[in-house]
Amino acid sequence: MVSLVSCGKSSPGKLNLMKEVMCIPHPGLTAKQGVEMLLEIQKHINKTIEMPPPPKTETKKGHNGSKRGQQPITGKMSHLGCLTINYDTIEQPLVLIQGICAYLGLDLGTNLHLAINCAAHELMDYSRGKYEVMLGTYKNAAEMVDLYVDLINRFPAIIALIDPFRKEDSEQWNSICNALGSRCYIIAGAASKSISKLLEGGDISTPKSSGLIIKHTNQTTVSDLVEITSLLDSRRHVTIFGSAEGESSDDSLVDLAIGLGVRFIKLGGLSRGERVTKYNRLFTIEEELLQSGTLGFNEEHIFFPLNDEAEKGTKAPEAVATVAGEPAELPEPIFPTEVTEASAKA
């Protein structure tokens, strides 16, 4: 997952909901091929967005507590390694990438997909009990479910939502998994429990999700990472290996991610030295595997329905097999291409 655009709470525009708009290259591409494709997209983003002169210190809000007046669309490099853009609507960053892909002859939804880090926990206005998705636009948790369903219907190339709610909104996690789980990964990052608590109870279904972001922090051992990855795999959950906050140029997390065999690695954007170092390490490992003839590729993106029946079936297949006297039937996987074709027919 490579971050290309940031329009989160700290961005200068009105849009808060998209802390990171990320691209996921087709699993049949090598890491180098995927990054080269995304570098081309990033180059066109830079051309499209008016880059400002050396920036002065800016705040998101003016003296009266509201954001500044309408500004030209500009971008500046964020700590995430991607452009922070002052967009005002949810559609703008998605239409930008959509248009660039069309210009480059890339099929968004085939050659690459999108993922959104919503970071909803950063958007909560506790005095109102609502999420501020855009400046002055507040949605309660139930309304957020409708917003996400509408977004995925209009942009089916989005196949992952990270932290669409804060962890306390368990009912809405259930609702969005039931509504979108068959065509989109619903990922818990900040909303997830710590790895030690997950391993202690063995319960990875609170909040309900189709995958988790795991990180190698000071409190987490390599053994813990191996154990939680195995647990997630056994429950048909997606594992994303993410960078820890306050990053350095230490690239060992790339070795860890590859050794653990996680589905995705989330390193941020393609700029800033501490991030480029990690991507370079990824290319080095890939080249070594290629030279030794052991380089493998991921399978197509697969989604398992996240209804309660499916959850029970994937939680303990051995127990079901014991009772029924035969192997448990797992839910049929769904591929993004099937979703896209169905949407086109509709």
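To get the working numbering, take the position in the sequence shown, counting from 1, and add 501.
Virtual Cβ for every residue (Gly too), placed ideally from N, Cα, C.
>> Tell me which residues share the same chain as Gly529 and place their Cβ nearer than 7 angstroms to its Cβ, disregarding the 5 neighbours each side in the sequence.
In response: Mapped onto the sequence shown, residue 529 falls at position 28. If we look at Gly529 and ignore the five residues flanking it on each side, its Cβ neighbours are Phe798.
>> For a test of the three-state rule: what should DSSP assign to Ala691, helix, strand or coil?
In response: Locating residue 691 in the sequence shown gives position 190, counting from the first residue. DSSP places Ala691 in coil when its eight states are reduced to three.
> If you draw a straight line from the C-alpha of Leu652 to the C-alpha of Phe784, how long is it?
Replying inline: Along the sequence shown, one-based indexing puts residue 652 at 151. Along the sequence shown, one-based indexing puts residue 784 at 283. Spanning the two alpha carbons is a distance of roughly 34 angstroms.
> Should Ile546 and Leu597 be called a contact, given that it needs their Cβ atoms to be closer than 8 angstroms?
Replying inline: Here residue 546 corresponds to residue number 45 of the sequence shown, with the count starting at 1. Here residue 597 corresponds to residue number 96 of the sequence shown, with the count starting at 1. Result yes, Cβ atoms of Ile546 and Leu597 sit closer than 8 angstroms.
> In chain order, which continuous runs of the alpha helix (DSSP H) of length 4 or greater are located wholly inside the region 732-756?
Replying inline: Complete alpha helix (DSSP H) runs here, min 4: none at all.
> How is the beta strand (DSSP E) around Gly712 delimited, first residue to last?
Replying inline: Here residue 712 is taken as the residue at index 211 of the sequence shown, counted from 1. Element bounds for Gly712: 712-715.
>> Considering only their Cβ atoms, is the gap separating Val522 from Leu771 smaller than 8 angstroms?
In response: Sequence index remark: in the sequence shown, residue 771 carries index 270 (1-based). Sequence index remark: in the sequence shown, residue 522 carries index 21 (1-based). No; because the gap between Cβ atoms is not below 8 angstroms, this pair is not in contact.
>> Looking at the secondary structure, which residues open and close the alpha helix (DSSP H) in which Tyr780 lies?
In response: As a first step, residue 780 is located in the sequence shown; it is residue number 279 there, counting from the start. Taken as a continuous stretch (DSSP letters only), the alpha helix (DSSP H) holding Tyr780 covers 774-793.
> What residue does the alpha helix (DSSP H) around Lys544 start on, and which one ends it?
Replying inline: Sequence index remark: in the sequence shown, residue 544 carries index 43 (1-based). 532-549 is the extent of the alpha helix (DSSP H) around Lys544.
> Which first and last residues belong to the beta strand (DSSP E) in which Ile766 is found?
Replying inline: Taking the first residue of the sequence shown as position 1, residue 766 is located at position 265. From DSSP, the beta strand (DSSP E) with Ile766 extends over 765-767.
>> Tell me the residue span of the beta strand (DSSP E) that contains Lys698.
In response: The residue labelled residue 698 in the question sits at position 197 within the sequence shown. DSSP places Lys698 in no beta strand (DSSP E) but in the uninterrupted alpha helix (DSSP H) bounded by 696-702.
>> Whole angstroms are fine: how far does the CA of Tyr632 sit from the CA of Lys515?
In response: Counting from 1 along the sequence shown, the entry for residue 515 is found at position 14. Counting from 1 along the sequence shown, the entry for residue 632 is found at position 131. Computed Cα separation, rounded: 13 angstroms.
> For Tyr604, which three-state DSSP category applies?
Replying inline: Here the question's residue 604 lines up with position 103 in the sequence shown. Three-state DSSP puts Tyr604 in a helix.
> Just the Cα atoms here: how many angstroms apart are Phe742 and Leu636?
Replying inline: Here residue 742 corresponds to residue number 241 of the sequence shown, with the count starting at 1. Here residue 636 corresponds to residue number 135 of the sequence shown, with the count starting at 1. Approximately 31 angstroms between the Cα atoms of the pair.
> Residue range of the alpha helix (DSSP H) that Tyr649 falls in?
Replying inline: Within the sequence shown, the letter at position 148 stands for residue 649. Here the alpha helix (DSSP H) through Tyr649 covers 642-655.
> By Cβ distance, which residues of its chain are closer than 7 angstroms to Trp674, with the 5 residues on each side in sequence left out?
Replying inline: Here residue 674 is taken as the residue at index 173 of the sequence shown, counted from 1. For Trp674, where only same-chain residues beyond five positions count, the Cβ hits under 7 angstroms are Phe666, Pro708, Lys709, Ser710.
>> I'd like to confirm the pairing. Which residues does DSSP put opposite Lys515 in its beta bridges?
In response: On the sequence shown, residue 515 is found 14 positions in, with the first residue counted as 1. For Lys515, which the question treats as bridged, DSSP gives no partner whatsoever.
> Where Ala642 and Asp670 are concerned, what is the direct C-alpha to C-alpha distance, given to the nearest angstrom?
Replying inline: For the purposes of this step, residue 642 is identified with residue 141 of the sequence shown, where counting begins at 1. For the purposes of this step, residue 670 is identified with residue 169 of the sequence shown, where counting begins at 1. Taking the straight line joining both Cα atoms gives about 7 angstroms.
> How close, in whole Å, do the beta carbons of His738 and Ile705 come, if the pair is a contact with beta carbons under 8 angstroms?
Replying inline: The residue you call residue 738 lines up with position 237 of the sequence shown. The residue you call residue 705 lines up with position 204 of the sequence shown. A Cβ-Cβ distance of about 6 angstroms is found for the pair His738 and Ile705, placing them in contact under the 8 angstroms criterion.
> Cys508 by DSSP, collapsed to three states: which one?
Replying inline: Counting from one through the sequence shown, the residue named residue 508 turns up at place 7. Cys508: strand per DSSP, three-state reduction.
> So who's on the other strand from Leu597, going by DSSP bridges?
Replying inline: Looking up residue 597 in the sequence shown gives position 96. Bridge partners of Leu597: none, in fact.
>> For Gly535, which residues in the same chain have their Cβ closer than 7 angstroms to its Cβ, ignoring the five residues on either side in sequence?
In response: Taking the sequence shown and counting its residues from 1, one reaches residue 535 at position 34. So the list reads Pro526, once near-sequence residues are dropped.
> Is DSSP giving His622 helix, strand or coil here?
Replying inline: Taking the sequence shown and counting its residues from 1, the one referred to as residue 622 is at position 121. The answer is helix: DSSP assigns His622 an H, G or I state.
> In or out: Leu540 buried (at least 16 other Cβ within 10 Å) or exposed?
Replying inline: By one-based count along the sequence shown, residue 540 stands at place 39. When all chains shown are included, Leu540 counts as exposed.
>> Looking at the secondary structure, which residues open and close the beta strand (DSSP E) in which Glu633 lies?
In response: The residue given as residue 633 occupies position 132 in the sequence shown. Where Glu633 is concerned, the enclosing beta strand (DSSP E) starts and stops at 631-635.
>> On the DSSP letters alone, give me the boundaries of the alpha helix (DSSP H) that Ile677 sits inside.
In response: If you number the sequence shown from 1, residue 677 lands on position 176. 671-681 is the extent of the alpha helix (DSSP H) around Ile677.
>> By the three-class DSSP mapping on this structure, what secondary structure does Ala616 have?
In response: One-based indexing of the sequence shown puts residue 616 at position 115. DSSP places Ala616 in strand when its eight states are reduced to three.
> Quick one, which of Tyr686, Leu733, Ser744 has its alpha-carbon nearest Asn719's?
Replying inline: One-based indexing of the sequence shown puts residue 719 at position 218. Shortest Cα-Cα distance from Asn719 to any of Tyr686, Leu733, Ser744 involves Ser744.
> Do the region 684-702 and the region 618-633 touch if we need at least three Cβ pairs shorter than 8 angstroms?
Replying inline: Judged by Cβ distances under 8 angstroms, the region 684-702 makes contact with the region 618-633, as three or more pairs qualify.
> Are the CB atoms of Cys583 and Val650 nearer to each other than 8 angstroms?
Replying inline: Here residue 583 refers to the residue found at position 82 when the sequence shown is read from its first residue. Here residue 650 refers to the residue found at position 149 when the sequence shown is read from its first residue. Against a cut-off of 8 angstroms, the Cβ pair of Val650 and Cys583 comes out as no contact.
> Do Asp647 and Tyr639 have their C-beta atoms within less than 8 angstroms of each other?
Replying inline: As a working mapping, residue 647 is identified with position 146 in the sequence shown. As a working mapping, residue 639 is identified with position 138 in the sequence shown. No. Outside cutoff.
>> Assuming Ile660 is part of the beta strand (DSSP E), what are its boundary residues?
In response: For the purposes of this step, residue 660 is identified with residue 159 of the sequence shown, where counting begins at 1. 659-663 is the extent of the beta strand (DSSP E) around Ile660.
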